[in-house]
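Asker:
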Amino acid sequence: KKNKLGLLIRDLYINPVTFVGAGPGDPDLLTIKGMKALSNADCILYDALANPAILDFARPEVEKLFVGKRAGEHSMKQEKITELIVAKVKQGKIVVRLKGGDPSIFGRLSEEIQELKNEDIPYRIIPGISALNGVTIAGGLLLTARGVNQSFLTATATTEILEKDYLKQ
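Using the numbering used here, the final residue of the sequence shown is 207, and nothing's skipped along the way.
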């Protein structure tokens with residue numbers, strides 16, 4: 039059973055980790071709420087898919103840590119990223135985790151949130167424009183249109199799956 043008074047005191051002294059969706063690449067498509075979070079941060083952990091120009095919204099003295107991943111090339115393992123987030127919060131820093139697109143789509147947000155829950159660290163999520171709708175709309179394609187389609191499906195595949203299952207046949 040959790041100590042309600044202890045949790046209240048914790049909430050007064052521990053800043054929530056803020057997950058910010060960087061959008062599809064254009065810094066002008068970052069939400070105002072995301073921009074405000076970046077400008078208040080003491081430490082920003084950012085992904086490879088987040089446009090580095092978005093970091094210009096942060097204060098000059100902010101600690102910027104690249105924790106990006108590309109297919110087959112990781113700057114650090116996911117476990118280390120979550121440990122780093124927790125460590126920075128415990129140092130009393132205002133932490134922003136800047137993720138490409140929308141943080142809840144095709145990312146590791148659930149793993150990072152679970153670790154924060156395990157540590158009783160509060161968090162909030164600021165969604166971003168995903169590349170899915172950012173790219174299609176920029177190209178003049180609508181995801182739905184009355185009388186044409188009323189839904190759409192999103193799927194992803196990795197080369198790892200292809201290499202293991204299909205290319206070996």
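Think of the CB as a built atom: it goes at the ideal place given N, C-alpha and C, for glycine as much as any other residue.
Please read these numbers as outputs of a predicted model, since none were measured by experiment.
Do the region 115-135 and the region 69-84 touch if we need at least three Cβ pairs shorter than 8 Å?
Answerer: yes
Asker: Count the other CB atoms, across all protein chains shown, that sit within 10 Å of the CB of residue 95; report buried if there are 16 or more and exposed otherwise.
Answerer: If you number the sequence shown from 1, residue 95 lands on position 57. Buried is the call here.
Asker: Please report how far the alpha carbon of residue 192 lies from the alpha carbon of residue 73, in whole angstroms.
Answerer: Position 154 of the sequence shown holds residue 192. Position 35 of the sequence shown holds residue 73. Distance between the alpha carbons of residue 192 and residue 73: 27 Å.
Asker: Around the C-beta of residue 84, are 16 or more other C-beta atoms found within 10 angstroms, so that it is buried, or is it exposed?
Answerer: Translated into positions along the sequence shown, residue 84 becomes position 46. Per the 10 Å Cβ criterion, buried.
Asker: Sort out for me which residues DSSP pairs residue 58 with in a bridge.
Answerer: By 1-based counting over the sequence shown, the position of residue 58 is 20. Answer is 136, 164, bridged to residue 58.
Asker: Which residues share a DSSP beta bridge with residue 82?
Answerer: Along the sequence shown, one-based indexing puts residue 82 at 44. Per DSSP, 102, 134.
Asker: I need the DSSP call for residue 48, collapsed to helix, strand or coil.
Answerer: In the sequence shown, residue 48 corresponds to position 10, counting from 1. Three-state result, residue 48: helix.
Asker: If residue 139 sits next to residue 44, beta carbons under 8 Å apart, how far is it from one beta carbon to the other, in whole angstroms?
Answerer: The sequence position of residue 139 within the sequence shown is 101, counting from 1. The sequence position of residue 44 within the sequence shown is 6, counting from 1. About 36 Å separates the two Cβ atoms, so there is no contact after all.
Asker: Residue 86 and residue 107: beta carbons closer than 8 Å?
Answerer: Stepping through the sequence shown from its first residue, residue 86 is reached at position 48. Stepping through the sequence shown from its first residue, residue 107 is reached at position 69. Yes, they are a contact pair.
Asker: Is residue 71 helix, strand or coil by DSSP?
Answerer: Along the sequence shown, one-based indexing puts residue 71 at 33. Residue 71 falls in the helix class under three-state DSSP.
Asker: I'd like the list of long-range same chain contacts for residue 172, defined as Cβ closer than 7 Å, with 5 residues on each side in sequence excluded.
Answerer: Taking the first residue of the sequence shown as position 1, residue 172 is located at position 134. Closer than 7 Å at the Cβ level, and outside the excluded window around residue 172, lie 61, 62, 67.
Asker: Give the DSSP-derived three-state secondary structure of residue 183 in the structure shown.
Answerer: Here residue 183 refers to the residue found at position 145 of the sequence shown. Three-state result, residue 183: strand.
Asker: Helix, strand or coil: which one does DSSP assign to residue 40?
Answerer: The sequence position of residue 40 within the sequence shown is 2, counting from 1. It is coil, neither helix nor strand.
Asker: Taking Cβ to Cβ, would you say residue 56 is nearer than 8 Å to residue 166?
Answerer: Along the sequence shown, read from residue 1 onward, the residue named residue 56 stands at position 18. Along the sequence shown, read from residue 1 onward, the residue named residue 166 stands at position 128. No, the pair does not count as a contact, with Cβ atoms beyond the cut-off.
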